[in-house]
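Undergrad:
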Amino acid sequence: MYINGMASIAAQTEEDLFAENLQSFSENIFPATSVNYKEYIKPMMLRRMSKAIKMGLVTAKRALNEAGVDVPDSIIVGTGEGCKQDTEKFLENILDENESFLTPTAFIQSTHNTVGGQIALDLKCTGYNMTYTQNSASFESALIDAKLQFTEEMGTRCVLVGGVDEIARISTPFYNLDGQLKAGEINTAKILQSSSEGTITSEGAAFFLLSEIRTQDSFAEISDCMIYRNISEEKLQEEISWFLKKNDLKIEELDVVILGNNGDTRYDHYYKQLQEDLFKNTLQLGYKNWVGDYNTVTAYACWLGAEILKRKEIPQQLKLNNLSLKQPTSILVYNQYLGKNHSLTLLRSL
1 MYINGMASIA AQTEEDLFAE NLQSFSENIF PATSVNYKEY IKPMMLRRMS KAIKMGLVTA
61 KRALNEAGVD VPDSIIVGTG EGCKQDTEKF LENILDENES FLTPTAFIQS THNTVGGQIA
121 LDLKCTGYNM TYTQNSASFE SALIDAKLQF TEEMGTRCVL VGGVDEIARI STPFYNLDGQ
181 LKAGEINTAK ILQSSSEGTI TSEGAAFFLL SEIRTQDSFA EISDCMIYRN ISEEKLQEEI
241 SWFLKKNDLK IEELDVVILG NNGDTRYDHY YKQLQEDLFK NTLQLGYKNW VGDYNTVTAY
301 ACWLGAEILK RKEIPQQLKL NNLSLKQPTS ILVYNQYLGK NHSLTLLRSL
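Each residue of the sequence shown is one higher than the last, beginning at 1 in this note's numbering.
What follows is the structure, given as structure tokens:
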């Protein structure tokens, strides 16, 4: 699938990323950067939207603008937890109003498919619209469905695919209760060197306008995507080698691997074994210490990989080893969360 346009919103701006000016945080929960939403969304609509809807709609519009497309044939969204902020509003209204005189707006906008629905309403897109909520494999599920649309639906020329998740004031801190988040003093820039359990979390959105046919606007391709619910470390190396071979790529020909290390000592061994063995001669990049970990953070990782292929430039602050590379042509994204939902996504330059 060819990438003709894309956009992202995360805890770091695109300018800071490539200017080597990334910011660290001292909390285990931190928000995405603010953008001028009024450029893309009418003020009357904007005030009723949660952060997930705003981020999703803006990145979708930016991706379409870059590709020069007004309305896509299909819209496919991945989200791990949907619009949590509106869910909290509705639950608080239930308590405050003693289960009476409730307005339905917050409830309607709290469902997981709200982002995809709002994008379709804004663009007046009446085509296929699907939302996947598969925890940390939500975005990859959306990518696989996009490929199916091109394969099985005649006439599908371009598909808008994205991932979005937001933090919420009450429910996100629940991650502290079962040890998913780090405790104590934190410097996010150094969490990959930590010796404690848990990680950090944030929010973000990334959308891509994909086509089956290469156009003059295409600048990279998503060659393949695979998901493994559970897999051992030994089997993982075999599967990665097979995955690359299936795409006519030898391990020594892979230029860059983007890994999902998040500082959680219980599960980072999946990455470290690959770093020391299979990818020891491959340039390794990490990103979660800068943008946090959330269910659809791999959408940001794919945006990052495609942006590197587009710019032919490596953000030095992301490097996990000392290898150098001038013009990368192939990038593999590998991720897992809590030892499950292992995913592989291969990107290539054109």
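Using N, Cα and C, we set each Cβ at its ideal position, and we do this for glycine too.
Every value quoted in this text rests on a predicted model; they were computed, and no experiment measured them.
If you pair each beta-carbon of the segment 273-283 with each one of the segment 121-139, do three or more pairs fall below 8 Å?
TA: Cβ pair count under 8 Å is below three, so no.
Undergrad: Can you give the Cα-Cα distance for residue 285 and residue 96, rounded to whole angstroms?
TA: Each residue's Cα considered, the two are about 47 Å apart.
Undergrad: Is the distance from the Cβ of residue 88 to the Cβ of residue 170 below 8 Å?
TA: Their beta carbons are under 8 Å apart, which means residue 88 touches residue 170 by this criterion.
Undergrad: Please classify residue 349: does DSSP put it in a helix, a strand, or coil?
TA: Strand.
Undergrad: Is it a yes or a no for the segment 159-179 touching the segment 189-209, going by three-plus beta-carbon pairs under 8 Å?
TA: Enough Cβ pairs lie closer than 8 Å, so yes.
Undergrad: In this structure, does DSSP put residue 94 in helix, strand or coil?
TA: Helix at residue 94.
Undergrad: If you run the structure through DSSP and keep just helix, strand and coil, what is residue 139?
TA: It is helical.
Undergrad: Assign residue 343 to buried or exposed, taking buried as 16 or more other Cβ atoms, counted over all protein chains shown, within 10 Å of its Cβ.
TA: Its Cβ being crowded by 16 or more others within 10 Å, residue 343 is buried.
Undergrad: Assign residue 112 to one of two classes, buried (16 or more other C-beta atoms within 10 Å of its C-beta) or exposed (fewer than that).
TA: Residue 112 is buried by the Cβ-count criterion.
Undergrad: What are the boundary residues of the alpha helix (DSSP H) that residue 55 is part of?
TA: From DSSP, the alpha helix (DSSP H) with residue 55 extends over 51-67.
Undergrad: Taking Cβ to Cβ, would you say residue 179 is nearer than 8 Å to residue 198?
TA: In contact: residue 179 and residue 198 (Cβ atoms closer than 8 Å).
Undergrad: Work out the CA separation of residue 136 and residue 297 for me, nearest whole Å.
TA: Answer to the nearest angstrom: the Cα atoms are 8 Å apart.
Undergrad: Determine, using beta-carbon pairs with one atom in the segment 317-329 and one in the segment 97-116, whether at least three such pairs fall under 8 Å.
TA: Contact between the segment 317-329 and the segment 97-116 is absent, because fewer than three Cβ pairs lie under 8 Å.
Undergrad: So residue 293 and residue 200 are in contact, right, with Cβ under 8 Å, and what is the actual spacing, rounded?
TA: The pair is a contact, with the Cβ atoms about 7 Å apart (cut-off 8 Å).
Undergrad: Give the secondary structure of residue 283 by DSSP, where H, G and I count as helix, E and B as strand, and everything else as coil.
TA: Residue state, collapsed to three classes: strand.
Undergrad: How would you call residue 268, buried or exposed, if buried means at least 16 neighbouring beta carbons within 10 angstroms?
TA: It counts as buried.
Undergrad: Please return the same chain residues whose Cβ sits closer than 7 Å to the Cβ of residue 51, not counting the five positions on each side in sequence.
TA: Around residue 51: 85, 166, 203.
Undergrad: Would you check if the distance between the CB atom of residue 59 and the CB atom of residue 133 is smaller than 8 Å?
TA: No, the Cβ-Cβ distance between residue 59 and residue 133 is not below 8 Å.
Undergrad: What number of angstroms, rounded off, separates the C-alpha of residue 187 from the C-alpha of residue 68?
TA: Taking the straight line joining both Cα atoms gives about 41 Å.
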